[in-house]
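Structure, as C-alpha cells:
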Amino acid sequence: MPQLVKNIVLSSEDEDNSEGLGSTPNTPTRINAPLPSLSNYFHGVVEIHASTSAARPFSTPIARQLVEESLPGSSPIPSSPVTPIPSPVRMAATRALANTAPSELPPLSSDGIIPSSPVIGTREEKVAATRRKNQCKRALTLATHKVVSKQATEENKTAIFDEILEKLPANGLTFGQLMLDTARGEIGSWAENYVAALIQSEGQDVTASKALQTTDMAVDNSYVTGFSMVRAGEMLGSVARVATKMLNAFATSAHNLKTNLPLRAGKRFTVVISAALALLGEFSHENNYSQRIMGLYLYATGAQRQTITVMSHLGISESYQNLTHKPRTNIHRCTRRICGDHDPPAPPPSTLPDRPTEPYTQWKGSYASS
C-alpha cells in the first residue's frame with residue numbers, strides 16, 4: 004500500500020522567519036509528510052489553505068508538530084502550546100449531546116472527593132506518612148476480603164446443608180434420626196410443655212373475653228336462641244386456635260381424611276366444639292353458657308334429676324341444684340329497703356323449745372316424747 008502523504012498548505016507568519024523556514028508572510032507553504040495517525044479520517048490529499056482569519060486553529064506550530072512527530076527520533080514534547088484537533092467522533096458526540104433534551108441525559112454520579120492528607124515534611128517523614136497510608140489501605144483491603152470470605156463460607160455451608168436435607172427424604176430418612184435418643188427426648192418434652200402452656204394461655208383469653216359467661220346475661224328469649232355451635236366454633240377458632248386444632252386432629256383419622264363425607268365432618272365439628280366447651284367449663288366455672296343451655300333443655304323436656312346429674316358430672320350440663328336453686332337475697336338489706344333508715348323489727352320468738360345441754364340422742368328422745 005503506497006504511503007499516504009498529506010499536503011497541508013499553511014500560511015507562515017513572522018515567527019517562521021525567525022525559525023529558518025524561509026517562507027515569506029502570507030505565502031502558502033506546502034509540507035509533504037507521512038501522517039499515519041490521520042489515515043483513518045482522511046483519504047487522499049488534504050489541502051488546507053489558511054488565510055489570515057481562518058488559519059488560527061491550524062497555525063504553523065501545529066504543522067511543525069505534525070512534521071516532527073512523523074520524523075523518526077523526534078521529541079514527543081511540542082516546543083510551543085498546541086491547540087488540540089477535534090476528531091470527527093468527538094465532534095459527532097458533541098453535536099448529539101447539544102441536540103438532546105436535559106431530561107433525557109443520564110444522571111450524573113460521583114463518589115465524591117476522597118479525603119487525603121498532603122505528604123509534607125522531610126524525606127523520612129514523607130516515607131513514614133506514605134507507609135502509614137499504605138498500611139491503612141492494606142488493612143481496609145484485608146477487612147473487605149475477610150467479609151467476602153466469610154459470606155462465601157456461609158453460603159457454602161447453606162448449600163451443603165440444603166443438599167443433605169434434600170437427600171434425607173429421598174432415602175426414606177428423617178431429620179430426627181440424626182439426633183441421639185436423649186436429645187430427641189429433650190426436644191419432645193420441650194415441645195409438649197410449650198404446646199400445653201400455649202393452650203393454657205388460650206383458655207385464659209377465652210375466659211377474659213367473657214363470651215361463655217352468663218353472669219351478665221338476661222334470661223329471656225335471646226338467652227336460648229343466641230346460642231349456636233357454629234358461632235361458638237368460630238369464636239374458638241379465632242381465640243383458641245391451637246387448642247381447637249389439637250382437638251380436631253385428635254378426632255380425625257386417616258380414613259376420615261380419605262372419605263371426607265360432609266355429614267361425618269359436621270358431626271365431628273360438633274363433637275370437637277362440645278369437648279372444647281366442656282373443657283373450658285372445667286377451666287373456669289364461669290364459662291358455663293353451653294352447660295346452662297343443655298341443662299335447661301334437659302329440664303324442659305322432662306329429664307329426670309338423675310339424668311341431669313350424670314350429664315353434669317360429664318361436663319355437658321349444669322347441675323340440677325344450679326338449675327332449680329333460688330337466687331340468694333340479703334334479708335337485712337331487703338328489710339332496710341322496706342323500713343327505710345329505721346332499725347328492722349325484731350324477729351318473732353321461736354316456738355321451738357330451747358336446745359338442751361344433754362347429748363343429741365337424749366335430746367331427740369325427750370323432744371319426741373313431748
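Residue numbers (the numbering used here): 4 to 373. Note that beta-carbon positions come from the ideal geometry of N, C-alpha and C, so glycine has one too.
What is the rounded straight-line gap between the Cα of residue i and the Cα of residue j?
i, j, result
"Glu157", "Ala246", "39 Å"
"Asn159", "Ile190", "28 Å"
"Arg308", "Tyr323", "6 Å"
"Met314", "Ser231", "19 Å"
"Gly305", "Glu237", "31 Å"
"Gly179", "Ala200", "24 Å"
"Asp223", "Thr217", "12 Å"
"Leu181", "Gly175", "13 Å"
"Lys140", "Thr125", "23 Å"
"Lys213", "Lys329", "24 Å"
"Thr133", "Val150", "26 Å"
"Val198", "Ala252", "14 Å"
"Ser192", "Thr185", "11 Å"
"Gly188", "Ala173", "25 Å"
"Val233", "Asp219", "22 Å"
"Ile163", "Ser152", "17 Å"
"Pro118", "Thr161", "40 Å"
"Thr144", "Ile123", "25 Å"
"Pro121", "Lys136", "11 Å"
"Tyr226", "Gln294", "13 Å"
"Gly269", "Gln154", "54 Å"
"Thr310", "Thr228", "24 Å"
"Glu166", "His148", "27 Å"
"Lys261", "Asn196", "31 Å"
"Gln138", "Ala131", "10 Å"
"Pro31", "Ile116", "For Pro31, the pLDDT reaches just 44, beneath the cut-off of 50, and the residue's location in the model is therefore unreliable, although a value from the coordinates is still provided. The alpha-carbon atoms of Pro31 and Ile116 are separated by roughly 51 Å."
From the options, pick the residue whose C-alpha is nearest to that of residue i; which is it?
i, options, result
"Lys248", "Glu169, Thr161, Ala278", "Ala278"
"Ser320", "Trp193, Ala211, His328, Ile296", "Ile296"
"Tyr302", "His288, Leu326, Arg234, Ser315", "Leu326"
"Phe286", "His328, Leu215, Gly175, Glu166", "Leu215"
"Ala243", "Ser204, Leu143, Pro265, Val233", "Ser204"
"Gly240", "Pro118, Gly206, Gly175, Ile163", "Gly206"
"Ile202", "Thr310, Val233, Leu282", "Leu282"
"Gly318", "Ala252, Gly284, His328", "Gly284"
"Tyr292", "Thr144, Ala146, Ala221, Ala173", "Ala221"
"Ala211", "Glu166, Gln138, Ala268, His288", "His288"
Is the shortest distance between the beta-carbon of residue i and the beta-carbons of chain C less than 8 Å?
i, result
"Val222", "Absent from the structure is chain C; it holds one protein chain and no more."
Report yes if the C-beta distance between residue i and residue j is below 8 Å; otherwise report no.
i, j, result
"Val275", "Leu299", "no"
"Asn259", "Val209", "no"
"Ala235", "Leu280", "yes"
"Leu171", "Thr177", "yes"
"Arg271", "Ala257", "no"
By Cβ distance, which residues of its chain are closer than 6 Å to residue i, with the 5 residues on each side in sequence left out?
i, result
"Glu128", "none"
"His316", "none"
"Leu183", "none"
Quick one: residues in its chain with C-beta nearer than 8 Å to the C-beta of residue i, no 5 flanking neighbours on either side, listed in chain order?
i, result
"Ala146", "none"
"Thr312", "Ser322, Tyr323"
"Leu264", "none"
What does a CB cutoff of less than 7 Å around residue i pick up in its chain, not counting 5 residues either side in sequence?
i, result
"Thr273", "Met232"
"Ala194", "none"
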